[in-house]
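These protein sequences, in sequence, are chains Z and D. Last residue of the first sequence: number 559 in numbering that gives the first Met the number 0, and the count goes up by one each step with no gaps. Last residue of the second sequence: number 82 in numbering that gives the first Met the number 0, and the count goes up by one each step with no gaps.
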Amino acid sequence: MTVLVVILIYLSLLLGLGMLSGSKSRGTSKDYFVASHSIGPFLLLMSVFGTTMTAFALVGSTGKSFERGIGVYGLMASISGLVHVICFFAIGIKLWSLGVKHGFVTQIQFFRARFESNRIGYLLFPILVGLVIPYLLIGVIGAGKTILPVTAGAFPNLFPHANPLWNGGVPPWLSGLGICLIVLAYIFAGGSRGAAWANTFQTLVFMAMGIVAFTVIVKSLGGLEQASKVPLTVNDKGLLVQNYGIVDGQVEELTEPLVRGKVRGEADPSLAGYQPHLGRKTLEMDYKRPGPNGELIDAHRELGIPPWMFLTYLFIPLSVGMFPHLFQHWLTAKSANTFKLTLVAHPLCIMIVWVPCVLIGAWATGLIPPGVPPAAVLSKMMSDLVHSPILTGLLTAGVLAAIMSSLDSQFLCLGTMFTNDIVLHKTGPDRFTDKQIILIARAFIIGIVAITYFLSLWAANKNVFDLAVWCFSGFAMLTPLVFGALYWKRTTTAGAVASILAGTATWLVFFIIAGGSEYTVGPGIMPVTFCVLASTVALIVISLMTKPPSEATLAKFFRA
Amino acid sequence: MKALLIFIAIAMLVLHQDFWLWDNTNLVLGFIPVGLAYHACFSIAVAILATLAIKFAWPHDLIRWATGQDVKANLKDKKYDIH
Numbered sequence: 000m001t002v003l004v005v006i007l008i009y010l011s012l013l014l015g016l017g018m019l020s021g022s023k024s025r026g027t028s029k030d031y032f033v034a035s036h037s038i039g040p041f042l043l044l045m046s047v048f049g050t051t052m053t054a055f056a057l058v059g060s061t062g063k064s065f066e067r068g069i070g071v072y073g074l075m076a077s078i079s080g081l082v083h084v085i086c087f088f089a090i091g092i093k094l095w096s097l098g099v100k101h102g103f104v105t106q107i108q109f110f111r112a113r114f115e116s117n118r119i120g121y122l123l124f125p126i127l128v129g130l131v132i133p134y135l136l137i138g139v140i141g142a143g144k145t146i147l148p149v150t151a152g153a154f155p156n157l158f159p160h161a162n163p164l165w166n167g168g169v170p171p172w173l174s175g176l177g178i179c180l181i182v183l184a185y186i187f188a189g190g191s192r193g194a195a196w197a198n199t200f201q202t203l204v205f206m207a208m209g210i211v212a213f214t215v216i217v218k219s220l221g222g223l224e225q226a227s228k229v230p231l232t233v234n235d236k237g238l239l240v241q242n243y244g245i246v247d248g249q250v251e252e253l254t255e256p257l258v259r260g261k262v263r264g265e266a267d268p269s270l271a272g273y274q275p276h277l278g279r280k281t282l283e284m285d286y287k288r289p290g291p292n293g294e295l296i297d298a299h300r301e302l303g304i305p306p307w308m309f310l311t312y313l314f315i316p317l318s319v320g321m322f323p324h325l326f327q328h329w330l331t332a333k334s335a336n337t338f339k340l341t342l343v344a345h346p347l348c349i350m351i352v353w354v355p356c357v358l359i360g361a362w363a364t365g366l367i368p369p370g371v372p373p374a375a376v377l378s379k380m381m382s383d384l385v386h387s388p389i390l391t392g393l394l395t396a397g398v399l400a401a402i403m404s405s406l407d408s409q410f411l412c413l414g415t416m417f418t419n420d421i422v423l424h425k426t427g428p429d430r431f432t433d434k435q436i437i438l439i440a441r442a443f444i445i446g447i448v449a450i451t452y453f454l455s456l457w458a459a460n461k462n463v464f465d466l467a468v469w470c471f472s473g474f475a476m477l478t479p480l481v482f483g484a485l486y487w488k489r490t491t492t493a494g495a496v497a498s499i500l501a502g503t504a505t506w507l508v509f510f511i512i513a514g515g516s517e518y519t520v521g522p523g524i525m526p527v528t529f530c531v532l533a534s535t536v537a538l539i540v541i542s543l544m545t546k547p548p549s550e551a552t553l554a555k556f557f558r559a
Numbered sequence: 000m001k002a003l004l005i006f007i008a009i010a011m012l013v014l015h016q017d018f019w020l021w022d023n024t025n026l027v028l029g030f031i032p033v034g035l036a037y038h039a040c041f042s043i044a045v046a047i048l049a050t051l052a053i054k055f056a057w058p059h060d061l062i063r064w065a066t067g068q069d070v071k072a073n074l075k076d077k078k079y080d081i082h
């Protein structure tokens, strides 16, 4: 109960911040959507980092490391640092220059002007919205998965659960609803300024709480060196064993190791003593996990990272080039200098958040059963190892902060795109008053939140990390388009449309085959590779086959 | 200098594929697996690369092109200004 009270106090503080930022508003739609271009370097860093590091970074990275081990950091975090910096430099600053010169605010405005086509906006809008929804979804699912374990036991009569571990916990349908309403409340009160302030506050909270969580968990595990002995170990019979366990809330070495699974195939003596989650060697693991009615069923998991997967993951961070909220930040930043802090600090912030989470996920393999859903691993470690309800509440607030700091910017950006790129584009700028424009944006945002919420109930057991990877893959397949638009004069409207269609079709085929779960082709090649390839080839081939853009457009977008 | 920075960025993309550490579970400083330590250092190297890029390859000419006129006056007459 104390945990829940602490979480509620945090959420109230957040609402107060939203109200306060609302009182600073100039009351115009321009102020509501882009805070009148007043976001400086620190707010930009917090906003960019806070928005890109959602449930995916805290809950997802811990869960994926629990499944595959420490290779997850190189797979996603370190490569994101490099690719994001390259994209900020190559795309961001160039877009800023065009935003200043021609006054673009949304990416659809930019593409419409660059490709001299209104229709490209109507093609891009549903695709961008469709790709943002999974991103929102992982936040809502992540919130539910985080709150359930830490509140387990609080309301046994009100919220009974088939699994005794989670009995009495606040169910995901309620926590997801609560999170959506809180975020809606503070962005409606404060608009983009409210989102930027809330992002800064929440990013600082989740980074601080991440460090506190790590420190407390390390202490409970008996120190850093002791913690590294805990992960699942292969014994001489090829069995995966836990040598440690949580007894009366304390981590203790077990006299009899607990068998959690088996390495597939003949026992390999050279693997004896190997801790698969501290390396990247691929091993197939067979284990048992609880079925829907509590019975144990056979399950299988790949440990480690296949080299082809590691290589082709580098396409995924390209998504940063087409995230609508980032695109909007680039187009509307106060000055080019605003980007400098983000360029340097972004990879370091990623490191500060991801390294502890990845380590916690690897250590968790030696303490909790492999059948625990990956999204619940961080929360389970906190509830098992942190014995102060106030601290557990604060740490949970930190995870929720990471989740909400992503939702707010995305919600607001979708509202901005809908009003400017669809409604006002069709009706003209003078058709509605400022108040009506804000109302239209809010109505659209509520619609998107409702869709996301109901999808989250349906996809409650999806892996947060995998869903995020699908979302990022979708944006990544659109990134060749922005590169072409900025750097290749010969890119034509038909080439752009072909690129969007080819990339989207390829993405859809793989997404449907995979059902939104982890999926690789052949030796571990990520589907994003084929999506980016298809959109790039279509862009080049069709552009070369069609008439080049007009001289006036080229003069507008390219320096002589 | 710009060419050198591009070369370093490409070299880093190659160095990211640390296949020589794949099976290695040795611990650095007694607690951090070497595969994770390598990539944490990689993140620090990216921050250093970004610092160098800002110092030696900042696109001053592009910024001058964009802000050739008075920015505030320019923003007032935008066809695509936000409503």
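Beta carbons are placed, not taken as given, at the ideal position from N, Cα and C, and that holds for glycine.
So which residues on chain Z does M0(D) lean against when the C-beta distance must stay under 7 Å?
Neighbours of M0(D) on chain Z: none; closest Cβ ~14 Å, over 7 Å.
Nearest candidate by alpha-carbon position, reference C437(Z), set C412(Z), E66(Z), I146(Z)
For clarity, residue 437(Z) is Ile in the given sequence; the question names Cys instead. With distances taken between Cα atoms, I437(Z) lies closest to C412(Z).
Let me check understanding here. Comparing Cα to Cα, which of H101(Z), G221(Z), C530(Z) lies closest to L317(Z)?
Residue nearest to L317(Z) within the set H101(Z), G221(Z), C530(Z) is C530(Z) (criterion: CA-CA distance).
Buried or exposed: which applies to W506(Z), given that a residue is buried once 16 or more other Cβ atoms fall within 10 Å of its Cβ?
buried
Extent of the continuous alpha helix (DSSP H) to which I47(D) belongs:
33-55
According to DSSP, is T255(Z) part of a helix, a strand, or is it coil?
Before going on, a small fix: residue 255(Z) reads as Glu here, not Thr. In the structure shown, E255(Z) sits in a strand (DSSP, three-state: E or B).
Could you check which residue in S498(Z), G237(Z), L180(Z) has the C-alpha nearest to that of R263(Z)?
Minimum Cα distance to R263(Z) is reached at G237(Z).
Considering only C-alpha positions, which residue in the set P171(Z), F87(Z), L136(Z) is nearest to W329(Z)?
F87(Z)
Boundaries of the alpha helix (DSSP H) in which A497(Z) is found, first to last residue:
492-513
Could you spell out the range, first to last residue, of the beta strand (DSSP E) harbouring H299(Z)?
295-302
Under 9 Å Cβ-Cβ, which residues of chain D neighbour R558(Z)?
D60, L61, W64
If you measure between the beta carbons of T105(Z) and M416(Z), is that distance less than 8 Å?
Against a cut-off of 8 Å, the Cβ pair of M416(Z) and T105(Z) comes out as a contact.
Can the beta-carbon of I107(Z) be found less than 8 Å from the beta-carbon of L94(Z)?
Taking 8 Å as the Cβ cut-off, I107(Z) and L94(Z) do not qualify as a contacting pair.
When the Cα of W307(Z) is compared with those of F18(D), T66(D), H38(D), A56(D), which residue comes out closest?
Out of F18(D), T66(D), H38(D), A56(D), F18(D) has the C-alpha closest to the C-alpha of W307(Z).
Would you say E265(Z) reaches chain D, if we count a Cβ-Cβ gap shorter than 8 Å as a contact?
no
In whole angstroms, what is the alpha-carbon distance linking I512(Z) and V520(Z)?
11 Å
Nearest CA to the CA of I444(Z): which residue from V536(Z), Y185(Z), V4(Z)?
Y185(Z)
8 Å CB neighbourhood of L220(Z) in its chain, flanking five on each side removed
A226, V229, V250, W362, L384
Counting beta carbon pairs with one atom in the stretch 422-436 of chain Z and one in the stretch 203-219 of chain Z, are three or more of them shorter than 8 Å?
no
Whole angstroms are fine: how far does the CA of L43(Z) sit from the CA of S35(Z)?
Reliability of the predicted coordinates at S35(Z) is poor, the pLDDT of 42 falling under 50, and no value is obtained from them.
T254(Z) versus Y286(Z): straight-line alpha-carbon distance, rounded:
22 Å
Please state the DSSP three-state secondary structure of K488(Z).
coil
Is I541(Z) near G502(Z), with beta carbons less than 8 Å apart?
Contact annotation: I541(Z) and G502(Z) have beta-carbon atoms that are not nearer than 8 Å.
Determine, using beta carbons only, whether W64(D) and S96(Z) come nearer to each other than 8 Å.
yes
Terminal residues of the continuous alpha helix (DSSP H) containing P133(Z)?
118-150
Would a check of beta-carbon distances place L44(Z) closer than 8 Å to chain D?
no
Give the residues of chain Z in contact with F6(D), contact being defined as C-beta atoms less than 8 Å apart.
Result: empty, since nearest Cβ-Cβ is about 13 Å, beyond 8 Å.
Per DSSP, what are the beta-bridge partners of G244(Z) in this structure?
According to DSSP, G244(Z) bridges with E251(Z).
Residue nearest to G209(Z) in terms of C-alpha spacing, selected from I69(Z), M380(Z), A195(Z), A89(Z)
M380(Z)
For a contact meaning CB atoms closer than 8 Å, what does L313(Z) contact in chain D?
L12, H15
Is there a Cβ from chain Z that is less than 8 Å from the Cβ of L35(D)?
yes
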